[in-house]
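Since the structure comes first, as structure tokens, the remarks are kept for the end.
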Amino acid sequence: MTSTSDPLKTQGPGLPLPDRDRVLEHAAELIAEAWRSFDHPRPGQPLPDEHTHELLSRPLPRAPADATQSLDAAADVLDRSLAQSRPRWFAYIGSSGLEIGVLADALMASHDVNVANSAGAADLLEAQTIRWVGQFVGFDGKASGLLAAGGTIANLTALTAARERALPGVRHEGAGDRKMALYCSAEAHYSVRRAAEVLGIGGRNVRAISIDAHRRMDVTACAEAIEKDRNNGVTPVAVVATAGTTLTGAVDDIDALADVCGDEVWLHVDGAYGLPAASTERAGHLFNGLARAYSATVDAHKWMYVPKACSVLLMHDVEALERAFSHFEGYMPHGEQLHAVDRSLEYSRPLRGLKLWLAFTVHGADAIRAAIGRNLEQATLLASLIKSDDRFDLALEPQLSAVCFRHLPPSGVSADEHNLALARAVAADGRILLAPAEVDGATVLRACFVNHRTTEDDVRAIPEVVADVASRA
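Heads up: the sequence shown begins at 0 in numbering that gives the first Met the number 0, then just goes up one per residue.
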């Protein structure tokens, strides 16, 4: 049968062949324009205007529109959105959009490989990337694991395996009347509590252990909590050590917690933010004992600079994941080939590791490590600037790259109210972005350095912009 279709036209939706190169070139220019805008700070953040609101209020389109014009509209929407890629956006711990990672995402989406099961070379690439990350942070150069859609999912995945180890068969039988508990710092990420809720452990059975003078989990208090629970018939599922709290960057004493856990209790390290600093000479000692943990989470889309989302779950024993997740379905026969779905909550799963694999391949681990080191130095610089300026007060010395400080208010004005209002005013000003936070009941301004584009000039701008905004408030 002879086809009469036009080879230059697509069947159904899709770009016609003559248009593809033109549209691709236009998209590439929009990406390059965004990158150029990230190279230097800009005077303010554009807000959604009347046209933006009109565009985003339109009904479902039924007819086609010009692709380049639609891409222009999308680029304008993105330009009017908060982007962590900007060098003076210090408020959050997020991605700075490493350029090779952007291209990796485009290439990945073009091939649309699904690494749920038996994806050929993509499986090998993902496994190699996980090993590289394990070596980079000092967990295990032979590490296995998976790449997940964020630290929350990676932590949940690890704790699912920990639950199955603590109560074998619980995934099939349910917990029944058996009680379980998790242990973490009082300043651990909320994803630990969320995991407890999802896994049937119960949010109220998360033991929020007190912190010491360095804002680390109190190791003795953790051991006492575990012993108390055991005496009361409660099964300890896991201790979650935080390697860089979101609030202050504090790193729990992993080695001492490993002593507490021994072989009986699963030790998981939530290093979503801070664990990449383990690769540096400056901060590496803070992570002693990491290799003794059963599992660890690293968000490469935070302090390894690649675009969201690329969270790495590191494991010594990947079979622990298989015991927690594997199953057989008639539509997915199991042979000798890898079926990553047996290790993961997800079925449809993109090749997230490609962006990190290319980042290591193109730039080298040393360049990534050096950039992390510069961010640590930038935090130290800001702390020094704050301490030497009588307009400010440093809340505490930074352990990693998060710095909490206060601007001193006028006489008779509440410091908490002043700094909360100042954070909002700085955001409205748009030259920099800081986050308000609460440390020991006091409202502070918080800056976190996780951007490879940030320079010393950007750091020095922080106290000057804050003081300038305060003088006009």
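Each residue gets a CB set at the ideal place from its N, CA and C atoms; glycine is no exception.
Answer yes or no: do residue i and residue j have a C-beta to C-beta separation smaller than 8 angstroms?
{"i": "T244", "j": "L395", "result": "no"}
{"i": "P42", "j": "R430", "result": "yes"}
{"i": "P349", "j": "V136", "result": "no"}
{"i": "I129", "j": "L313", "result": "yes"}
{"i": "R351", "j": "F324", "result": "no"}
{"i": "G273", "j": "L399", "result": "yes"}
{"i": "L266", "j": "A255", "result": "no"}
{"i": "G149", "j": "S387", "result": "no"}
{"i": "V268", "j": "A249", "result": "no"}
{"i": "L181", "j": "I200", "result": "yes"}
{"i": "L14", "j": "A66", "result": "yes"}
When the Cα atoms are used, what is the spatial distance from residue i to residue j?
{"i": "R478", "j": "I225", "result": "Only positions 0 to 472 of the chain appear in this structure, which leaves residue 478 out of reach."}
{"i": "D298", "j": "A271", "result": "4 angstroms"}
{"i": "N116", "j": "H338", "result": "4 angstroms"}
{"i": "L124", "j": "W356", "result": "7 angstroms"}
{"i": "S190", "j": "E437", "result": "19 angstroms"}
{"i": "P487", "j": "E24", "result": "Nothing can be reported for residue 487, as the shown portion of the chain is limited to 0 through 472."}
{"i": "I208", "j": "L344", "result": "28 angstroms"}
{"i": "A290", "j": "F138", "result": "5 angstroms"}
{"i": "A308", "j": "G411", "result": "46 angstroms"}
{"i": "R390", "j": "N418", "result": "12 angstroms"}
{"i": "A194", "j": "L102", "result": "33 angstroms"}
{"i": "H326", "j": "A108", "result": "28 angstroms"}
{"i": "G329", "j": "A153", "result": "Residue confidence for G329 is low, a pLDDT of 49 falling below 50, so the modelled location carries little weight; the figure read from the coordinates is stated next. If I take the Cα positions, the gap works out to 28 angstroms."}
{"i": "Q134", "j": "P235", "result": "29 angstroms"}
{"i": "A174", "j": "V205", "result": "16 angstroms"}
{"i": "D252", "j": "A424", "result": "38 angstroms"}
{"i": "A162", "j": "R21", "result": "For clarity, residue 162 is Arg in the given sequence; the question names Ala instead. Computed Cα separation, rounded: 53 angstroms."}
{"i": "Y346", "j": "L158", "result": "19 angstroms"}
{"i": "L70", "j": "H50", "result": "15 angstroms"}
{"i": "A426", "j": "L444", "result": "12 angstroms"}
{"i": "Y304", "j": "D439", "result": "30 angstroms"}
Would DSSP call residue i helix, strand or coil?
{"i": "L395", "result": "coil"}
{"i": "I200", "result": "coil"}
{"i": "E437", "result": "strand"}
{"i": "F37", "result": "helix"}
{"i": "Y330", "result": "For Y330, the pLDDT reaches just 47, beneath the cut-off of 50, and the residue's location in the model is therefore unreliable, leaving the point undetermined."}
{"i": "G144", "result": "strand"}
{"i": "H110", "result": "helix"}
{"i": "K307", "result": "coil"}
{"i": "N374", "result": "helix"}
{"i": "L29", "result": "helix"}
{"i": "S294", "result": "strand"}
{"i": "A282", "result": "coil"}
{"i": "P60", "result": "coil"}
{"i": "H406", "result": "strand"}
{"i": "E263", "result": "coil"}
{"i": "V132", "result": "helix"}
{"i": "E432", "result": "Residue identity check: residue 432 is Leu in the sequence provided, not Glu. Of the three classes helix, strand and coil, the one that applies to L432 here is strand, per DSSP."}
{"i": "P17", "result": "helix"}
{"i": "A472", "result": "coil"}
{"i": "V361", "result": "helix"}
Relative to the C-alpha of residue i, which residue among the options is closest?
{"i": "P409", "options": "V76, G202, S470 and G288", "result": "S470"}
{"i": "T156", "options": "A295, E376, A446 and M303", "result": "A295"}
{"i": "V449", "options": "L432, W302, A420 and A369", "result": "W302"}
{"i": "A31", "options": "Q68, P47 and G96", "result": "G96"}
{"i": "A73", "options": "G100, F359 and A26", "result": "A26"}
{"i": "A466", "options": "V443, P435 and L407", "result": "L407"}
{"i": "L77", "options": "F37, P63, P58 and A62", "result": "F37"}
{"i": "P167", "options": "L29, A249 and A319", "result": "A319"}
{"i": "T219", "options": "N231, G232 and V238", "result": "V238"}
{"i": "E98", "options": "P397, D428, R215 and A33", "result": "A33"}
{"i": "L106", "options": "V468, E172 and K354", "result": "K354"}
{"i": "I371", "options": "T360, A64 and S94", "result": "S94"}
{"i": "R39", "options": "W88, L198 and T67", "result": "In the sequence as presented, Arg is not what sits at residue 39; that position holds His. Nearest C-alpha to H39: W88."}
**OP:** Just list the beta strand (DSSP E) runs in the stretch 147-231, keeping only unbroken ones of 3 residues or longer that don't cross its boundaries, in chain order.
**Re:** 178-184 and 205-208
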